[in-house]
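A short write-up of the structure that comes next.
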Amino acid sequence: MLEFGNSSLETNALIEIAPSILSADFARLGDHVHAVAAGGATLLHVDVMDGHFVPNITIGPPVVASLRKATDLPLDVHLMIENPEQYIPAFADAGADWISVHQEACVHLHRTLQMIRGLNRNAGVVINPATPVQTLEDVLDMVDHVLVMSVNPGFGGQKFIPMALDKVRKLAAMRAERRSNFRIEIDGGVTAENIADVVRAGVEIVVAGNGVYANGNPSDNVRRLLKLAQEATLQRV
Ligand code: DX5
Ligand code: ZN
31 MLEFGNSSLE TNALIEIAPS ILSADFARLG DHVHAVAAGG ATLLHVDVMD
81 GHFVPNITIG PPVVASLRKA TDLPLDVHLM IENPEQYIPA FADAGADWIS
131 VHQEACVHLH RTLQMIRGLN RNAGVVINPA TPVQTLEDVL DMVDHVLVMS
181 VNPGFGGQKF IPMALDKVRK LAAMRAERRS NFRIEIDGGV TAENIADVVR
231 AGVEIVVAGN GVYANGNPSD NVRRLLKLAQ EATLQRV
């Protein structure tokens with residue numbers, strides 16, 4: 031983990047790369063997890079999709095339980111499912127350390143976040159590209175992290191939506207104004223080409239799927255992304 035910077039908008043300047051296993055080879059998942067840990071990943075992003083909230087289906091609690099046995103990395107479980115409150119206890123039991131729910135999927139968002147906190151897990155809220163950051167105003171003091179989607183959720187390997195950077199800047203400003211200390215995470219389309227822009231906008235946790243697993247060596251890819259992120263924190267204004 032690397033710590034940098036002291037700008038007034040940064041309350042949490044710890045930068046982490048969270049490889050998304052969605053782009054890994056599921057038949058070699060253990061190896062692919064160890065590879066990113068060796069490259070300097072300090073968090074593992076786990077995408078859970080139900081075929082309803084998003085048009086794709088991925089994994090459930092049994093795979094999280096297997097990952098828990100295979101690595102000490104904290105598991106950052108991103109729930110892209112309807113009625114997440116029905117499944118949160120199962121993911122917590124399986125070993126999820128961080129659990130994030132979509133604002134758009136939670137009719138009683140406050141209650142759902144309370145549930146995650148009650149299970150002593152880091153609670154996160156996620157917004158889709160079409161959801162304004164202002165919709166989070168009343169829950170910002172009860173989350174550990176806010177996850178800004180920079181693609182429409184459902185698939186790895188999509189193109190980064192630049193508007194997400196404005197959301198990150200707005201969230202960083204809201205955080206400074208309220209003296210909150212949630213961390214800002216981004217997810218979707220982040221690569222070596224745009225990671226510097228993402229970090230300069232104020233992101234502390236960078237999810238990367240294809241940018242880590244699609245080409246080349248996953249360890250080297252994480253190392254390279256971390257280095258670029260580190261350099262970019264020095265350029266924050
Ligand atoms: C998209 C998922 C992402 C995805 C990111 O719905 O939430 O975590 O795996 O993959 P890339 O980095 O390839 O866009
Ligand atoms: Zn995700």
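The numbers in the sequence shown follow our numbering, run straight up by one, and end at 267. A virtual CB, placed ideally from N, CA and C, is assigned to each residue, including glycine.
Alpha helix (DSSP H) segment containing residue i, residue limits
i	result
I146	139-148
D250	248-263
H62	59-68
A231	225-231
S96	91-100
L177	First-last for L177: 175-179, but that is the beta strand (DSSP E), not the alpha helix (DSSP H).
V84	No alpha helix (DSSP H) holds V84; DSSP gives it neither H nor E.
D196	193-208
Nearest candidate by alpha-carbon position, reference residue i, set the options
i	options	result
A124	I111, R147, V94, R151	V94
K268	V63, D217, I45	Summary: the structure shown does not reach residue 268, with the chain confined to residues 31 through 267, and so no result is reported for it.
A244	Q260, V66, I146	V66
E167	M193, R266, A206, R98	A206
M172	M145, M193, V220, A48	M145
I89	R98, V76, G148, A100	V76
M110	L177, R98, A100, P92	L177
E261	P248, S249, N247, A222	A222
T161	N182, M204, I235	N182
A48	V229, A153, D102, D106	D106
L52	N113, K99, G184	G184
A54	K257, S249, R266	S249
M193	R147, V228, S130	V228
Beta-carbon spacing of residue i, residue j below 8 Å
i	j	result
S50	G186	yes
F121	H175	no
K200	V155	no
A238	L195	no
G241	L264	no
A202	I225	no
E46	L73	yes
A126	R151	yes
V169	L149	no
N251	G69	yes
W128	P159	no
I118	Q133	no
V137	H108	no
E215	L44	no
Limits of the unbroken beta strand (DSSP E) element including residue i
i	result
I235	235-238
I118	Here I118 belongs to no beta strand (DSSP E); instead the alpha helix (DSSP H) covers 118-124.
S50	It is not in any beta strand (DSSP E) - S50 carries neither H nor E in the DSSP assignment.
K115	With the sequence shown as reference, residue 115 is identified as Glu, and Lys is not the correct amino acid for it. Segment: none, E115 is in no beta strand (DSSP E) and carries neither H nor E.
M78	At residue 78 the sequence reads Val, which differs from the Met that was named. Run containing V78: 74-79, per the beta strand (DSSP E) assignment.
Residue-chain proximity (residue i, chain D), Cβ-Cβ < 8 Å
i	result
K200	In the structure shown, chain D does not exist; there is a single protein chain.
Heavy atom of the ligand HEM within 7 Å of residue i beta-carbon
i	result
L52	In the structure on display, the ligand HEM does not appear, and the ligands it does have are the ligand DX5 and the ligand ZN.
**Study point:** Around the ligand ZN, Cβ to any heavy atom closer than 5 Å, ordered along the chain
**Key:** D77, H108, D217
Check your understanding: Are there three or more Cβ pairs, one per stretch, closer than 8 Å when the segment 79-86 is compared with the segment 58-67?
Key -> Too few Cβ pairs lie closer than 8 Å, so no.
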